[in-house]
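Data block below; observations after.
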Amino acid sequence: MTTAWQPSPNLPPPASTVGAVGWARSNLFSTWLSSVFTVVLTLVTVYFLWQILDWGIFSADLAGNDQSACDGDGACWVFVKDRFNFFIYGFYPDAEQWRVNVMFILLAALIFPQFFENAPYKKALGWIFLTAYPVVSGVLLLGGAFGLEFVDTDKWGGLMLTLVLSYVGIVAALPIGILLALGRRSEMPVIRTICVAFIELWRGVPLISVLFMASVMLPLFLPEGTNFNKLLRALIGITMFQSAYMAEVVRGGLQAIPRGQYEAAAALGLGYWRSMWLVILPQALKLVIPGIVNTFIALFKDTTLVLIIGLFEVLGGVQSAIIDPAWQNVAAEGFFFAAFVYWIFCFGMSRYSQALERKLDTGHNR
Amino acid sequence: MADQPTSGGGSQPSKPPPWNDPAVRSIVFQVLALVVLGWFFWTILNNTLANMERRGISTGFAFLDRAAGFGILMSLIPYDESNSYGRTFVVGLLNTVLVAFLGIILATVLGFVLGVARLSNNWVIAKLATVYVEVVRNIPLLLQIFFWYIAVLQALPGIRQSITVGDAFYLNNRGFFFPKPIFGDGFGLVWIALIVAVAAIVCLRKWARQRLDRTGQLFPVIYVSIGLIIGLPLLAFLAMGAPLSFEFAELQRFRLAGGASVIPELMALLWALTMYTAAFIAEIVRAGILAVSHGQTEASRALGLKNSQTLQLVVIPQAMRVIIPPLTSQYLNLTKNSSLATAIGYPDLVAVFMGTTLNQTGQAVEIVAMTMAVYLTISLLISLVMNIYNRRMALVER
Numbered sequence: 078m079t080t081a082w083q084p085s086p087n088l089p090p091p092a093s094t095v096g097a098v099g100w101a102r103s104n105l106f107s108t109w110l111s112s113v114f115t116v117v118l119t120l121v122t123v124y125f126l127w128q129i130l131d132w133g134i135f136s137a138d139l140a141g142n143d144q145s146a147c148d149g150d151g152a153c154w155v156f157v158k159d160r161f162n163f164f165i166y167g168f169y170p171d172a173e174q175w176r177v178n179v180m181f182i183l184l185a186a187l188i189f190p191q192f193f194e195n196a197p198y199k200k201a202l203g204w205i206f207l208t209a210y211p212v213v214s215g216v217l218l219l220g221g222a223f224g225l226e227f228v229d230t231d232k233w234g235g236l237m238l239t240l241v242l243s244y245v246g247i248v249a250a251l252p253i254g255i256l257l258a259l260g261r262r263s264e265m266p267v268i269r270t271i272c273v274a275f276i277e278l279w280r281g282v283p284l285i286s287v288l289f290m291a292s293v294m295l296p297l298f299l300p301e302g303t304n305f306n307k308l309l310r311a312l313i314g315i316t317m318f319q320s321a322y323m324a325e326v327v328r329g330g331l332q333a334i335p336r337g338q339y340e341a342a343a344a345l346g347l348g349y350w351r352s353m354w355l356v357i358l359p360q361a362l363k364l365v366i367p368g369i370v371n372t373f374i375a376l377f378k379d380t381t382l383v384l385i386i387g388l389f390e391v392l393g394g395v396q397s398a399i400i401d402p403a404w405q406n407v408a409a410e411g412f413f414f415a416a417f418v419y420w421i422f423c424f425g426m427s428r429y430s431q432a433l434e435r436k437l438d439t440g441h442n443r
Numbered sequence: 003m004a005d006q007p008t009s010g011g012g013s014q015p016s017k018p019p020p021w022n023d024p025a026v027r028s029i030v031f032q033v034l035a036l037v038v039l040g041w042f043f044w045t046i047l048n049n050t051l052a053n054m055e056r057r058g059i060s061t062g063f064a065f066l067d068r069a070a071g072f073g074i075l076m077s078l079i080p081y082d083e084s085n086s087y088g089r090t091f092v093v094g095l096l097n098t099v100l101v102a103f104l105g106i107i108l109a110t111v112l113g114f115v116l117g118v119a120r121l122s123n124n125w126v127i128a129k130l131a132t133v134y135v136e137v138v139r140n141i142p143l144l145l146q147i148f149f150w151y152i153a154v155l156q157a158l159p160g161i162r163q164s165i166t167v168g169d170a171f172y173l174n175n176r177g178f179f180f181p182k183p184i185f186g187d188g189f190g191l192v193w194i195a196l197i198v199a200v201a202a203i204v205c206l207r208k209w210a211r212q213r214l215d216r217t218g219q220l221f222p223v224i225y226v227s228i229g230l231i232i233g234l235p236l237l238a239f240l241a242m243g244a245p246l247s248f249e250f251a252e253l254q255r256f257r258l259a260g261g262a263s264v265i266p267e268l269m270a271l272l273w274a275l276t277m278y279t280a281a282f283i284a285e286i287v288r289a290g291i292l293a294v295s296h297g298q299t300e301a302s303r304a305l306g307l308k309n310s311q312t313l314q315l316v317v318i319p320q321a322m323r324v325i326i327p328p329l330t331s332q333y334l335n336l337t338k339n340s341s342l343a344t345a346i347g348y349p350d351l352v353a354v355f356m357g358t359t360l361n362q363t364g365q366a367v368e369i370v371a372m373t374m375a376v377y378l379t380i381s382l383l384i385s386l387v388m389n390i391y392n393r394r395m396a397l398v399e400r
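Those sequence lines, one after another, are chains L and A.
So for the first sequence, this note's numbering puts the first residue at 78; every next one is plus one.
So for the second sequence, this note's numbering puts the first residue at 3; every next one is plus one.
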């Protein structure tokens, strides 16, 4: 009688290396130092989280509409609720705020499809976003035509102004930046020098001094009698500044296009502009979309600086509302609200840019 | 398409008409560009001169010698209201350099710690560092400066209720007060000892490097360096009989007298700049370390290097090559961002010179040009230093 040898069944792995216990052993308590960090940091985090939640939610005041409603130790969200309209629309007249809302909705409708791979009319919507949208929104916001009441730009403010500044900054800077980037790679020494000087000059100075310059020096540069408003001056300053950064982003894309593409375009008999427009730029710009989004994030955050020359975007609105004597001790609430607004936009855009980078990454790099 | 008539056997390409000749075109374009640019600047110059004449502002830098007549909150050099506008420029410049210099050091340290923390094996440390980076870098810097200045530092108790540690350090809404060191006779020797220590470390590093190349033996440079930089000055200090005393800040009726202090504007600005820039540096460091391929680490382990040696000899030198160029631009950003000081009233170059001095004198062109020139120079200097460092670290290929 022989029996075939039967291997006994595999033992399960030791309980300490799999499941929650195993994960905790390798990720939380791998060494004694690591264990100390885990315990101390967890306790500190829980403590601060509890403090913040208690301040911001459990003990916070939300009912009522003036200072007297805030008596607890918690956050006074009544203040934010009361000034919400101001933080979004600035001094835009109440009766006309639907126009701003239409602009917001149009913006969302044009942007939203861009996040999806196979959205219908994606390209067409993108072009509308860059061309027709600014014209429509400009007419809508400014008014004075088609029976819309004229709303002067000094009434603009809040989130709406933030969006206007960053949108115009990026859309106006893109074509200038492309031209500068092409100029920087030009074979004509004079053109190249001019472009390099322009780019390095603007990149070397802080935006604040550019805005100061736009508000103080621009009126000096122009012939007597020409005078234009603060918003336009800020926009010119931001566009100049931003186009220099945009030029560097686009140059990165141009450098990434292999030489063969340039030579192939030339071999097809295309002239400089047509080879750029038809062959090089479509490839280069696609490569630098994440870079453009990143510059846009930087610009979106930088729009806060216009409060220094007296324009009230979100932060400027919050800043002017917290020094209003009608409300006491609401600085933290105001800044939390503003931080939340900026964070939502910037974090969303950075996620989008990271997703794009992964999609465009064709695996050539190490 | 326009066919170019070719003549002859094709040995000599025909000369195109001048309007199609690239060389001719190139010259025409460049001359045109110069003419347009010249016209542009000429117009601006004319307009500016006319405008300034109309407003009764004289051009030129003569205003720099006139008395300023305004006080400045903080100055690293002696300054009072009778000093000239030129001196306000220097005061502002030094304040900018101070905040940029301290900010760069602190942000680098914090950024490297955070960058390494993001790659930590410990889940809690890695996640906390990630949350920090994602929160801080997506909130505008100006907002953070305001938050620290208005919501935190201004909300501190007044002088009488100062938060104090042992009656030596005071923190209140007027700033941070600490004992002021008073250097007695012979303290100069301590400074000399410090310089000698630094020089010795430089030589030691060089020697250790040569020894490593020659014999393959490692020398514990770091421990010896730490010993030198602390030990030598300490020896000198003790040898001279500890010539150092402190002047303590004293709590009086409405103020703290004596001692040294840091104004809250500087604290808020420095703190916000450090935290904000550190978040970006952390990402750069993380990317740099991840860029060193895993094979390198494995190879060094196979060679029998210890963990610390792997890090010091294999990973960090390679990661630095990836880290330095973007780190340079973060340093430049920090320097330029320090100009946000003007929003909370820290007297930096922009606040003092481009703000108050410009408002008082009206010399917009000269002042804006000088300020921009300073920032351009600082930017170029930082790029230069970092480029030299980069060249030393760069991969030397055959």
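Every residue, glycine too, gets a C-beta built ideally from N, C-alpha and C.
What you are looking at is a predicted structure, and each value in this text was computed from that prediction instead of being measured.
Chain L contact for A:P142 (CB, 8 Å cutoff): Yes, because at least one Cβ of chain L sits closer than 8 Å to the Cβ of A:P142.
Short CB-CB distance (under 8 Å) between A:F43 and chain L: Not an interface residue.
A:V99 versus A:I380: straight-line alpha-carbon distance, rounded: 9 Å
Expected contact under 8 Å - CB spacing of A:I410 and A:L258 to nearest Å: The first residue shown for chain A is 3 and the last is 400, placing residue 410 of chain A beyond what the model contains.
Proximity of A:D350 and A:T359 at Cβ, strictly below 8 Å: no
L:F417, buried or exposed, once every other Cβ within 10 Å from all chains shown has been counted against 16: L:F417 is exposed by the Cβ-count criterion.
L:S286 beta carbon less than 8 Å from that of A:V352: yes
Chain-ordered chain A contacts of L:Q20 [CB-CB under 7 Å]: Since the first residue shown for chain L is 78 and the last is 443, residue 20 of chain L is missing from the structure and cannot be characterised.
The region 309-323 of chain A / the region 350-362 of chain L touching (three or more Cβ pairs under 8 Å): Contact between the region 309-323 of chain A and the region 350-362 of chain L is absent, with fewer than three C-beta pairs closer than 8 Å.
Secondary structure of A:I106, DSSP reduced to three states: helix
Per-residue contacts from L:A416 into chain A (C-beta, under 7 Å): I141 and L145
Amino acids of chain A, ordered along the chain, whose beta-carbon sits closer than 8 Å to that of L:V383: Within 8 Å Cβ-Cβ: nothing; L:V383 doesn't reach chain A, min ~10 Å.
Where L:E194 sits in the DSSP three-state scheme: coil
Contacting positions in the region 403-436 of chain L - beta carbon closer than 7 Å to chain A: Within the region 403-436 of chain L, the residues whose Cβ lies closer than 7 Å to some Cβ of chain A are A408, A409, F412, A415, A416, Y419, W420, C423, F424 and S427, listed in chain order.
Spatial neighbours of A:T330 in its chain, beta-carbon cut-off 7 Å, leaving aside the 5 residues before and after: For A:T330, where only same-chain residues beyond five positions count, the Cβ hits under 7 Å are I384, S385 and M388.
Residue-level contact to chain A via CB, L:F289, 8 Å cutoff: yes
Partners in chain L for A:L39, counting only beta-carbon separations shorter than 8 Å: I271
Classification of L:F193 by the beta-carbon crowding that lies within 10 angstroms, buried from 16 upward: exposed
Inter-residue Cα distance where the pair is L:R261 and L:Q338: 19 Å
Test item: CB-CB of L:W420 and A:N140 under 8 Å: yes
Per DSSP, the bridge partner or partners of A:L246: A:F185
Distance between A:L382 and A:A293 (C-alpha atoms, nearest Å): 28 Å
Beta carbon proximity, A:F282 to chain L, threshold 8 Å: For A:F282, the answer is no, since every Cβ of chain L falls outside 8 Å of its Cβ.
Where L:G346 falls: helix, strand or coil (DSSP): coil
C-alpha distance - L:F377 paired with A:L272, whole-angstrom precision: 22 Å
Three-state class that DSSP yields for L:A409 in the structure shown: helix
is_contact[L:P367, chain A] using C-beta, thresh 8 Å: no
Nearest-angstrom Cα separation, counted from A:F149 out to A:L1: Shown here, chain A extends from 3 to 400; a query on residue 1 of chain A therefore has no answer.
Alpha-carbon spacing of L:F181 relative to L:G215, whole angstroms: 13 Å
DSSP bridge partner residues for A:L258 (one or two, in chain order): A:L253
Reduced DSSP secondary structure (H/G/I, E/B, other) of L:D138: strand
Where A:G243 falls, given that 16 or more other Cβ within 10 Å makes a residue buried: exposed
Boundaries of the beta strand (DSSP E) in which A:G177 is found, first to last residue: Secondary structure note for A:G177: its beta strand (DSSP E) is the uninterrupted segment G177 to F180.
Residues of the region 25-37 of chain A with Cβ closer than 7 Å to any Cβ of chain L, in chain order: Cβ contacts with chain L: S28, F31, Q32, A35 and L36.
Inter-stretch contact (C-beta, 8 Å, three-pair minimum) for the region 272-291 of chain A and the region 190-204 of chain A: no
Neighbourhood of A:G218 by C-beta, 7 Å cutoff - its chain only, sequence neighbours within 5 removed: none
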